[in-house]
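Position in the sequence shown (from 1) plus 3 gives the number in the numbering used here.
Each residue gets a CB set at the ideal place from its N, CA and C atoms; glycine is no exception.
Here the structure is a predicted model, which means the values were calculated and not measured.
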Amino acid sequence: MPARIEQDALGVPIEGATRAEVSLRAAVGRVGVRAAADPNLLVGGTLVAPWPDRGRWTLDRVGDTARFNLTLDRRHDLSTAVWPDRSRVTVELAPFVSLTLRATLGEGTATLDLAGLVLTEIAVQGGAGRVDLILPARGRLAAEVTSGTGEVTVRIPAGMAARIRVEGRRGSVDVVGDYQPDNGVFTSPGYDTAAHRVDLTVRANVGRITVLGVRSL
């Protein structure tokens, strides 16, 4: 008997939104986030959840602000070797809307390519899988990244100055790039006057976090 598969195409129009709060919770599977190519869409992409996993999403609008929430629940006890990334989420976000993003991730792999997006706040919680986070190339933003038992790589594009605070000592944190270290804080030269900059806090609770500056990409 073939597996029952829930599949949903995401196609949320902008409809006057100038800001969006995006929340993603994926306990299992392969997750991708990137800029949308369609200028009329606030959120695009696909959600695939083979039984017994379950995926769902909601959207609320208040004035010019949209709130998009997507959840992918794990409902099996199989290892990733037996059930490798069968559930999949691809989220495409409007590149000209001011965004906040919160992502809570579990097993599987996630690629969050935010380079072409406008973000003011980012919070990423890694799980047992692997996360590759590419920060925006422009703007001023605050970002928090926390590892679970897995591995998180944070990539900082060219032209984006950074102040990186390292918290938590149970895991492993590597900061690679042209940064000046000072008691657990790594800062780009000229950070205070930079037009484009990120205030980044990383916490390695158990796993590993690697922060790569542009010269290391």
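Whole-angstrom distance between D11 and D181, CA atom to CA atom
Taking the sequence shown and counting its residues from 1, the one referred to as residue 181 is at position 178. Taking the sequence shown and counting its residues from 1, the one referred to as residue 11 is at position 8. Near 43 Å, if we compare the C-alpha coordinates of D11 and D181.
Range of the contiguous beta strand (DSSP E) that encloses E18
Here the question's residue 18 lines up with position 15 in the sequence shown. Element bounds for E18: n/a, residue is neither H nor E.
Taking the Cβ atom as the reference point for each residue, do V31 and E110 lie within a distance shorter than 8 Å?
Taking the first residue of the sequence shown as position 1, residue 31 is located at position 28. Taking the first residue of the sequence shown as position 1, residue 110 is located at position 107. Yes, they are a contact pair.
Any idea which residues DSSP pairs G47 with across the strands?
On the sequence shown, residue 47 is found 44 positions in, with the first residue counted as 1. Answer is G14, E95, bridged to G47.
What's the C-alpha gap between G14 and A118?
Residue numbering aside, residue 14 sits at position 11 when the sequence shown is read from its first letter. Residue numbering aside, residue 118 sits at position 115 when the sequence shown is read from its first letter. Roughly 21 Å between the two C-alpha positions.
Would you decide whether R59 is buried or exposed? Buried here means 16 or more other CB atoms lie within 10 Å of its CB.
Along the sequence shown, read from residue 1 onward, the residue named residue 59 stands at position 56. With fewer than 16 Cβ atoms within 10 Å of its Cβ, R59 is classed as exposed.
Local conformation of T196 per DSSP, three classes:
As a first step, residue 196 is located in the sequence shown; it is residue number 193 there, counting from the start. DSSP places T196 in helix when its eight states are reduced to three.
How would you call Q183, buried or exposed, if buried means at least 16 neighbouring beta carbons within 10 angstroms?
The residue you call residue 183 lines up with position 180 of the sequence shown. Classification of Q183: exposed, given that the 10 Å Cβ count is below 16.
Give the DSSP-derived three-state secondary structure of V179 in the structure shown.
For the purposes of this step, residue 179 is taken as residue 176 along the sequence shown, with counting starting at 1. Assigned with DSSP and collapsed to three states, V179 falls in strand.
Based on DSSP bridge pairs, tell me the residues matched to V100.
As a first step, residue 100 must be located in the sequence shown, where it is residue number 97. Per DSSP, none; premise fails for V100.
What is the rounded straight-line gap between the Cα of A106 and the Cα of R33?
Residue mapping note: residue 106 aligns to position 103 of the sequence shown, counting from 1. Residue mapping note: residue 33 aligns to position 30 of the sequence shown, counting from 1. C-alpha separation (whole angstroms): 13 Å.
Mapping the DSSP letters down to three states, classify V209 as helix, strand or coil.
For the purposes of this step, residue 209 is taken as the residue at position 206 of the sequence shown. Secondary structure at V209: coil, using DSSP grouped into helix, strand and coil.
Can you check whether the CB of T68 is closer than 8 Å to the CB of A113?
As a working note, residue 113 is residue 110 in the sequence shown. As a working note, residue 68 is residue 65 in the sequence shown. Not closer than 8 Å, so no.
In angstroms with no decimal places, state the Cα-to-Cα distance between A97 and R91.
Indexing the sequence shown from 1 puts residue 97 at position 94. Indexing the sequence shown from 1 puts residue 91 at position 88. Whole-angstrom Cα-Cα distance: 20 Å.
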